[in-house]
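Student: Below is one structure. I have some questions about it.
Protein chains: 2
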Amino acid sequence: MESARRKPRSDATRNRERLIEAAKTLLAGGGPGASLEAVARAADVGIGTLYRHFPTREALFQAVYRHEVEQLIELASALEVHDAPAEALRLWLHALVGLVETKRGLLGTLAFAPTEGSKTMYAELSGRLQEAVRRLVSRAIASGAIRSDITAEDLLSTAYALGYARPAGPDWKMQVLRVVDIFLDGMKIR
Amino acid sequence: MESARRKPRSDATRNRERLIEAAKTLLAGGGPGASLEAVARAADVGIGTLYRHFPTREALFQAVYRHEVEQLIELASALEVHDAPAEALRLWLHALVGLVETKRGLLGTLAFAPTEGSKTMYAELSGRLQEAVRRLVSRAIASGAIRSDITAEDLLSTAYALGYARPAGPDWKMQVLRVVDIFLDGMKIR
DNA sequence: TAATATACGGAGGCAGCCTCCGTTTATCAA
DNA sequence: TTGATAAACGGAGGCTGCCTCCGTATATTA
Chain E
305 MESARRKPRS DATRNRERLI EAAKTLLAGG GPGASLEAVA RAADVGIGTL
355 YRHFPTREAL FQAVYRHEVE QLIELASALE VHDAPAEALR LWLHALVGLV
405 ETKRGLLGTL AFAPTEGSKT MYAELSGRLQ EAVRRLVSRA IASGAIRSDI
455 TAEDLLSTAY ALGYARPAGP DWKMQVLRVV DIFLDGMKIR
Chain R
305 MESARRKPRS DATRNRERLI EAAKTLLAGG GPGASLEAVA RAADVGIGTL
355 YRHFPTREAL FQAVYRHEVE QLIELASALE VHDAPAEALR LWLHALVGLV
405 ETKRGLLGTL AFAPTEGSKT MYAELSGRLQ EAVRRLVSRA IASGAIRSDI
455 TAEDLLSTAY ALGYARPAGP DWKMQVLRVV DIFLDGMKIR
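From first to last, the protein sequence lines stand for chains E and R. In case it helps, our numbering puts the first sequence at residues 305 to 494. In case it helps, our numbering puts the second sequence at residues 305 to 494.
See below:
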């Protein structure tokens, strides 16, 4: 009868994070088919360790996605004190494009048989994401930098659509960021 | 200097077709990750034969997709003489749902790095598909069975959207067919 | 019916998937 | 500090899939 659980081992948490970091890189570069052994190698960790932390390919990709979204939400909070609200929005959208990159890989994996778990995760994270961007938008509108009819939904769905409209390739990110900036310019009050 | 080429061997064409048929089944059942060796086995053909006909996974899936579309176009022609134009349309849409199933698997494969070849193929086939459905729709409108403001684009894009909106699963096809029928009922003139 | 272009099949080498378990190490109680 | 031990590590090994290569089989043609 142990009531107080031991603190998780420090190497375990460290390795978990290294795996997510490595997976994020390989996922962006090599698509959903990226080799899990390569991920373990890149994280400098045994393949057994990878499988202990993430029993399935999907579990790993979900963790990567969740991690990215959490970072994005934190970034939104941090940017709320930026002096130029429109610029804050731009910085945030650029980070969002990175998420689309991750999401694309995740979708490739889940395309055929999305599990209950991943659907729940999607629903939860979309809500939080929308909440985060909503605050950034309000501030930009309040400061008079952008048109007042812009909504958080506009931004999110546009960024996603722009990301998916362009086929994946070496210049993908650059090109998407370019059109995102054009869109942002259109939102500004001249 | 041979000017007249030999006729292609009969076993070659037969095997090619068996491979496409097997790939179609496994693609629908197991998603884009389906094993090519399993496809060869299902077609009762050596793995070498598969690779001779389709050097890459993508080549095989493209062939399946093209094959499906061609059949769909032929079906449309055949249905043009059906006595009940609305029913003809329904039959055709049900066949189209099968295509979405195939396309979904193909998209999974191509999601990350669509090649030039597959983009060209998509463009060509979409055009021909639209042409085929356009004729069926005109006839159904002319016969007074369905509302006159329905367009071929409506039908195609709706069928696609309905297919993608519902997550893949064991009952996928049944459920999609159900909502397609509801949509069709809505188009009818009472 | 013989010659031959064409196609077939599967062995084999390599890589990734995943499990299992002997070894190592961080935590905690004394 | 230190010893006990729960927790985590890593990678060998068995399996499956990918793809190539080439000896064998056969459809076509003259």
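Using N, Cα and C, we set each Cβ at its ideal position, and we do this for glycine too.
(1) Just how far apart, CA to CA, sit leucine 403 of chain E and glutamate 372 of chain E?
(2) Express the C-alpha separation of valine 401 of chain R and tyrosine 464 of chain R in angstroms, rounding to a whole number.
(3) Can you tell me whether lysine 492 of chain R is helix, strand or coil according to DSSP?
(4) Which of the three DSSP states, helix, strand or coil, is assigned to isoleucine 454 of chain E?
(5) Can the beta-carbon of leucine 393 of chain E be found closer than 8 Å to that of phenylalanine 365 of chain E?
(6) Closest to lysine 328 of chain R by C-alpha separation, out of R/Val368, R/Leu466, R/Lys407 and R/Pro471, would be which residue?
(7) Looking at the secondary structure, which residues open and close the alpha helix (DSSP H) in which lysine 328 of chain R lies?
(8) Name the two residues that bound the continuous alpha helix (DSSP H) containing glutamate 428 of chain E.
(9) State the start and end residues of the unbroken alpha helix (DSSP H) segment that holds alanine 353 of chain R.
(10) I need the DSSP call for aspartate 348 of chain R, collapsed to helix, strand or coil.
(11) Given this structure, state the Cα-to-Cα distance separating alanine 451 of chain R from proline 474 of chain R, to the nearest angstrom.
(12) So, for threonine 406 of chain E: in the same chain, excluding its five sequence neighbours on each side, which residues have a beta-carbon less than 8 Å away from its beta-carbon?
(13) Please go through the same chain and pick out, in chain order, the residues whose beta-carbon is closer than 8 Å to the beta-carbon of leucine 433 of chain E, but skip the five residues on each side of it.
(14) Let me confirm a value: arginine 408 of chain E is counted as buried when at least 16 other C-beta atoms fall within 10 Å, else exposed. Which label applies?
(15) With a threshold of 16 other CB atoms inside 10 Å of the CB of proline 312 of chain R, please say whether the residue is buried or exposed.
(16) Mind checking glycine 448 of chain E: buried by the 16 CB within 10 Å criterion, or exposed?
(17) Does DSSP put valine 385 of chain E in a helix, a strand or coil?
(18) Assuming the contact rule is C-beta atoms closer than 8 Å, valine 484 of chain E and leucine 397 of chain E should be a hit. Round their C-beta distance to whole Å, please.
(19) In angstroms, rounded to a whole number, what distance separates the CA positions of threonine 455 of chain E and glutamate 321 of chain R?
(20) Does the separation of the CB atoms of tryptophan 568 of chain R and arginine 482 of chain R fall below 8 Å?
(21) Buried or exposed: proline 359 of chain E, going by 16 or more other Cβ atoms within 10 Å of its Cβ?
(22) Taking all protein chains shown into account, do 16 or more other C-beta atoms lie within 10 angstroms of the C-beta of valine 480 of chain E, making it buried, or fewer, making it exposed?
(23) For lysine 311 of chain E, which three-state DSSP category applies?
Tutor: Answer, in terms of the structure:
(1) 6 Å
(2) 8 Å
(3) Looking at lysine 492 of chain R - three-state DSSP - the assignment turns out to be strand.
(4) coil
(5) Between leucine 393 of chain E and phenylalanine 365 of chain E, the C-beta spacing is not below 8 Å.
(6) R/Val368
(7) 314-334
(8) 420-446
(9) Just to set this straight, residue 353 of chain R is threonine in the shown sequence, not alanine. 351-357 is the span of the alpha helix (DSSP H), which, as asked, contains threonine 353 of chain R.
(10) coil
(11) Inspection of the sequence shows that residue 451 of chain R is occupied by arginine rather than by alanine. Taking the straight line joining both Cα atoms gives about 34 Å.
(12) Lys328, Leu331, Ala332, Val368, Tyr369 and Glu372
(13) Val373, Leu376, Ile377 and Leu460
(14) A buried status is given to arginine 408 of chain E, since no fewer than 16 other beta-carbon atoms sit within 10 Å of its beta-carbon.
(15) Exposed.
(16) exposed
(17) coil
(18) 6 Å
(19) 52 Å
(20) This structure gives no information on residue 568 of chain R, because the portion of chain R shown stretches from 305 to 494.
(21) The Cβ neighbour count for proline 359 of chain E, taken over all protein chains shown within 10 Å, is under 16; the residue is labelled exposed.
(22) buried
(23) coil
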